[in-house]
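Comments concern the structure below.
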Amino acid sequence: MVNLDKLTGRILSDAEEFARGLLESAQAEIAEVNREAQIKIDSIKSEYAARAEKEEKAIIERAEAVAKSLSRDVVLDAKTALLDKVFEQAKERLVGLAESGTDVYVDFLASLLCKVISSAAASEKTNAEYYRQGELLAENEYTVLFCARDLAGESSSVAEKATAEAASRIADTGKSVAVSSTPVNIDGGFILRCGNIEYNCSLSALVAGCRASLESEIYRNLFEQTE
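The opening position of the sequence shown corresponds to residue 21 in our numbering, with each subsequent residue numbered one higher.
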């Protein structure tokens with residue numbers, strides 16, 4: 021009986037020891053698993069933190085780039101608006117001069133008409149010589165078209181005065197110029213018709229042409245010294 025009790029006790033003792041061994045082993049494995057899991061978690065957190073930092077930096081850089089771009093656009097728009105104002109004022113002055121109908125405006129039209137007629141005549145001559153077209157018939161009489169305001173007048177209109185003054189200055193070109201009685205829809209100035217070629221010298225066209233040739237110079241004078 022005693023031997024049986026001893027045997028039973030040993031078996032229980034061995035079982036407990038084995039169980040403790042299993043438990044310790046399991047706890048060790050669990051600890052290792054937890055450790056490895058924590059390492060992975062920490063690695064993932066670190067990776068995402070670095071990625072988030074990079075993404076945050078990229079977002080900031082993009083925002084700064086957008087801000088700079090918007091700033092440039094705002095400045096450019098402001099400069100463009102100022103240039104628009106410069107040429108708008110130039111046009112307003114010309115229109116005011118045209119509406120006055122004074123001798124200054126008449127002389128302005130006559131001088132411009134002489135310049136355009138002389139240029140057109142020279143161009144015709146050059147083309148005839150270049151293409152050797154003896155049969156080419158140059159236009160000897162040009163037609164000039166004005167707006168209704170410049171055609172109006174009880175005795176002598178602005179259009180007639182300017183054309184007569186120009187005609188006396190272009191005699192050496194062999195050209196004559198006639199005023200069309202049909203008004204054109206322009207704000208002042210004129211349109212010169214040389215056969216099938218027209219020269220638009222309306223005030224709007226003149227200002228637009230000046231802007232194309234002078235804008236860069238005006239931009240430099242207005243802005244480059246302040247940048």
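Just so you know, even glycine gets a beta-carbon here, dropped at the ideal spot from N, CA and C.
Report all residues from its chain with a CB closer than 6 Å to the CB of LEU171; omit the five preceding and five following residues, and keep chain order.
Stepping through the sequence shown from its first residue, residue 171 is reached at position 151. SER177, ALA179 and PRO203, listed in sequence order.
Spatial neighbours of ALA110 in its chain, beta-carbon cut-off 8 Å, leaving aside the 5 residues before and after
As a working note, residue 110 is residue 90 in the sequence shown. Same-chain partners within the cutoff: VAL227 and CYS230.
How about SER200 and LEU223: do their beta carbons lie closer than 8 Å?
As a working note, residue 200 is residue 180 in the sequence shown. As a working note, residue 223 is residue 203 in the sequence shown. At least 8 Å separates the beta-carbon of SER200 from that of LEU223.
Please confirm whether CYS214 and ALA140 have their CB atoms less than 8 Å apart.
Translated into positions along the sequence shown, residue 214 becomes position 194. Translated into positions along the sequence shown, residue 140 becomes position 120. In this structure, the beta-carbon distance from CYS214 to ALA140 falls below 8 Å.
So what does TYR219 bridge to, in DSSP terms?
Position 199 of the sequence shown holds residue 219. Residue pairing by DSSP places TYR219 opposite LEU212 in a beta bridge.
Does SER196 come out as helix, strand or coil in the three-state DSSP assignment?
As a position in the sequence shown, residue 196 is number 176, starting the count at 1. Residue state, collapsed to three classes: strand.
Cβ distance (whole Å) where VAL136 is taken to contact GLU185 below 8 Å:
Within the sequence shown, residue 136 is the residue found at index 116, counting from 1. Within the sequence shown, residue 185 is the residue found at index 165, counting from 1. Between VAL136 and GLU185, the beta carbon gap of about 14 Å keeps them out of contact (Cβ cut-off 8 Å).
Where does GLY194 land, buried or exposed, given buried means 16+ other C-beta within 10 angstroms?
If you number the sequence shown from 1, residue 194 lands on position 174. Exposed is the label assigned to GLY194, since fewer than 16 other Cβ atoms lie within 10 Å of its Cβ.
Taking just the CA atoms, how far does GLU119 sit from GLY209?
Residue 209 sits at position 189 when you count from the first residue of the sequence shown. Residue 119 sits at position 99 when you count from the first residue of the sequence shown. The straight-line gap from Cα to Cα measures roughly 11 Å.
Determine whether the beta carbon atoms of SER131 and ILE190 lie at a separation below 8 Å.
Here residue 131 corresponds to residue number 111 of the sequence shown, with the count starting at 1. Here residue 190 corresponds to residue number 170 of the sequence shown, with the count starting at 1. Not closer than 8 Å, so no.
For LEU102, count neighbouring C-beta atoms within 10 Å of its own C-beta (all shown protein chains included) and say buried if the count is 16 or more, exposed if not.
For the purposes of this step, residue 102 is taken as residue 82 along the sequence shown, with counting starting at 1. By the 10 Å Cβ count, LEU102 comes out exposed.
Relative to the alpha-carbon of GLU161, which residue among GLY116, ASP104 and VAL197 has its alpha-carbon at the smallest distance?
Taking the sequence shown and counting its residues from 1, the one referred to as residue 161 is at position 141. The residue with the shortest Cα to Cα distance from GLU161 is VAL197.
Quick check on DSSP: helix, strand or coil for THR183?
As a first step, residue 183 must be located in the sequence shown, where it is residue number 163. Assigned with DSSP and collapsed to three states, THR183 falls in helix.
Between the CA atoms of GLY121 and ASP192 - distance to the nearest angstrom:
Within the sequence shown, the letter at position 172 stands for residue 192. Within the sequence shown, the letter at position 101 stands for residue 121. Whole-angstrom Cα-Cα distance: 28 Å.
If LEU129 and ALA182 are in contact, beta carbons under 8 Å, what's the gap, nearest whole angstrom?
Numbered from 1 along the sequence shown, position 109 holds the residue referred to as residue 129. Numbered from 1 along the sequence shown, position 162 holds the residue referred to as residue 182. Yes, LEU129 and ALA182 are in contact; Cβ-Cβ is about 4 Å, under 8 Å.
Which of helix, strand or coil does DSSP assign to THR163?
Taking the first residue of the sequence shown as 1, we reach residue 163 at position 143. Note: THR163 maps to strand in three-state DSSP.
For SER188, which of LEU133, ASP104, ILE59 and SER236 has the nearest alpha-carbon?
For the purposes of this step, residue 188 is taken as the residue at position 168 of the sequence shown. From the listed residues LEU133, ASP104, ILE59 and SER236, the smallest Cα separation to SER188 is found for LEU133.
Would you kindly check if the distance between the Cβ of VAL124 and the Cβ of ASP207 is under 8 Å?
As a first step, residue 207 must be located in the sequence shown, where it is residue number 187. As a first step, residue 124 must be located in the sequence shown, where it is residue number 104. Not a contact, by the Cβ cut-off of 8 Å.
Buried or exposed: ILE59, going by 16 or more other Cβ atoms within 10 Å of its Cβ?
Here residue 59 refers to the residue found at position 39 when the sequence shown is read from its first residue. Flag for ILE59 reads exposed.
Local conformation of ASP170 per DSSP, three classes:
Position 150 of the sequence shown, counting from 1, holds the residue named residue 170. ASP170 falls in the helix class under three-state DSSP.
Buried or exposed for GLU144, please, with buried defined as at least 16 other CB atoms from any protein chain shown within 10 angstroms of its CB.
The count along the sequence shown starts at 1 and reaches residue 144 at position 124. GLU144 should be labelled buried.
For ALA232 and ASN147, the rounded distance between their alpha carbons
As a working note, residue 147 is residue 127 in the sequence shown. As a working note, residue 232 is residue 212 in the sequence shown. Distance between the alpha carbons of ASN147 and ALA232: 26 Å.
Assign ILE59 to one of three DSSP states: helix, strand, or coil.
For the purposes of this step, residue 59 is taken as residue 39 along the sequence shown, with counting starting at 1. DSSP places ILE59 in helix when its eight states are reduced to three.
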